[in-house]
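Read through the structure below, which is laid out as structure tokens, and then see the notes.
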Ligand code: AHR
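In the numbering used here, the protein residues as written are -1 to 512.
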């Protein structure tokens, strides 16, 4: 049995979780839209063609915000194709995912879906094949009340009141060689700045995110941010950051340590943004939009993977089946995000349904929760409040990393990876939520929490997610194989909380004032 101790002071907060930290992402990719959230003719479809079984799972998952329509897709997208009478919309080749985009679902349908799902929209504009002009027209179409060509067109299409979309991404992963319309940092910086100026003149209330590097492994990481922000610093509110955790080498201990690299990545991007501020003697602090994060490494589709299968509509691609092990790595990423709540204000799990997603569906059939569903749902439900600093003593291990997802291959070791990964959130009502991962694959861990600064607390709810088989998955035929139970070994004695965490487990302890 390992032992760990944690001291938490209710006054030592590092920041408050922004509700938009619990966002998700829907791209026109595979069965994310068609057969995912939208399937007219499905037995549960509503009058708009939205699957109600999926909507129910989305509400249980608890995202607050959904980014749309891409991703790589947006860099070749003409938004005008997705509005107006459905029967007149063109089908187009989608060069990002080698598919046919039928355009039966577009901006207005997305906004309606967001209302049905009780989430707010985050819209991305195409800075790959297009630029500021198309972007400012889209803002006018969506957000201007009326009396101009674009806003009247929206009204003619049946959406009388403006959509009031607040948050906008200036393109997507524009440094990637896979991106349609890839740009150098200077070319992207200039294009993003001009688009930002035009979009904000149409609607000064919007918030804008510039593209950061598409991963920490990019050879241009760092220089990209520095250059892009030289151009855009005064015109944007966020710099984006993307991470997909991976386990190509089948090294579980390393995989579970890899979310700690997210912590480093966040700190590095903050440093890069603040260096630009320092050079300008500016008090402005850019926030981070972590608008793609997840575990993803098993499935892929090359840009040219293409045409050989006949440009299908909504092919079942990137349908990653998540294991218990993935849920643990994913939970580590949740904790990393929470522990940077002072600077990461927006985050989107990529993606929401079918495509590297917590929710799976069968087209024409049922819907179920993948393993990664649970840490996200727990975080969205219990992590609203002030994130507290934790003073932790835990044994640690060294983890080799083999980062092979980017153009650069890195082999290195992360030292001192604590077996206990933790985030602590103080609720405004006086309660406390603890998120805990025991990263030891073999040994239980007894954790003692010193809560001396809190008043009286009572154990309200505990949750544990684990499975004897780290490869266990949830499938159509066994949808409940990996599911949370309560964490039985947790007790509170005065100001001392003790919990015994099973090996390789994700745990939540929720305490309230009695
Ligand atoms: O989420 C899947 C893809 O990953 C997105 O389209 C792209 O932005 C990223 O490379």
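All residues carry an ideal CB built from backbone N, CA and C; glycine is no exception.
Reduced DSSP category for residue i - H, G, I as helix; E, B as strand; rest coil
| i | result |
| --- | --- |
| residue 192 | helix |
| residue 250 | helix |
| residue 270 | helix |
| residue 54 | helix |
| residue 200 | helix |
| residue 475 | coil |
| residue 140 | helix |
| residue 262 | helix |
| residue 374 | helix |
| residue 154 | helix |
| residue 417 | coil |
| residue 289 | strand |
| residue 444 | strand |
CB contact flag (residue i, residue j, <9 Å)
| i | j | result |
| --- | --- | --- |
| residue 75 | residue 99 | yes |
| residue 170 | residue 234 | no |
| residue 270 | residue 238 | no |
| residue 105 | residue 161 | yes |
| residue 81 | residue 90 | no |
| residue 356 | residue 504 | no |
| residue 24 | residue 350 | yes |
| residue 331 | residue 291 | yes |
| residue 511 | residue 454 | yes |
Contact test: residue i Cβ vs the ligand AHR heavy atom, cutoff 8 Å
| i | result |
| --- | --- |
| residue 180 | no |
| residue 170 | yes |
| residue 93 | no |
| residue 368 | no |
| residue 345 | no |
| residue 221 | no |
| residue 449 | no |
| residue 68 | yes |
| residue 155 | no |
| residue 126 | no |
| residue 48 | no |
| residue 200 | no |
| residue 166 | no |
| residue 353 | yes |
| residue 71 | yes |
| residue 348 | yes |
Which listed residue (the options) has its alpha carbon closest to that of residue i
| i | options | result |
| --- | --- | --- |
| residue 460 | 451, 499 and 454 | 499 |
| residue 27 | 208, 397 and 312 | 312 |
| residue 173 | 152, 352 and 211 | 211 |
| residue 430 | 6, 479 and 95 | 6 |
| residue 265 | 246, 248 and 288 | 288 |
| residue 367 | 441, 138, 318 and 107 | 318 |
| residue 245 | 279, 480, 156 and 328 | 328 |
Practice item. May I ask you to verify whether the stretch 382 to 398 touches the stretch 341 to 350, counting CB pairs closer than 8 Å and requiring at least 3? Key: Contact between the stretch 382 to 398 and the stretch 341 to 350 is absent: fewer than three C-beta pairs spanning the two stretches fall below 8 Å.
Practice item. Would you check if the stretch 60 to 79 and the stretch 116 to 125 touch, i.e. whether three or more CB-CB distances between them fall below 8 Å? Key: A contact exists between the stretch 116 to 125 and the stretch 60 to 79.
Review point. So does the stretch 252 to 266 actually touch the stretch 191 to 205, counting three or more Cβ pairs closer than 8 Å?
Key: By the Cβ rule, the stretch 252 to 266 does not count as touching the stretch 191 to 205, because fewer than three pairs are nearer than 8 Å.
Review point. Are the stretch 375 to 386 and the stretch 426 to 433 in contact at 8 Å, needing three or more beta carbon pairs?
Key: The stretch 375 to 386 vs the stretch 426 to 433: in contact.
Review point. Taking contact to mean at least 3 C-beta pairs separated by less than 8 Å, is the stretch 440 to 453 in contact with the stretch 479 to 498?
Key: Flag = yes, the stretch 440 to 453 and the stretch 479 to 498 touch.
Practice item. Examine the Cβ distances between the stretch 215 to 227 and the stretch 145 to 162 and report whether three or more of them are shorter than 8 Å. Key: No, the stretch 215 to 227 does not touch the stretch 145 to 162.
Point to revise | Touch test, the stretch 315 to 324 against the stretch 458 to 473, Cβ-Cβ under 8 Å, three pairs minimum | key: Yes, the stretch 315 to 324 is in contact with the stretch 458 to 473.
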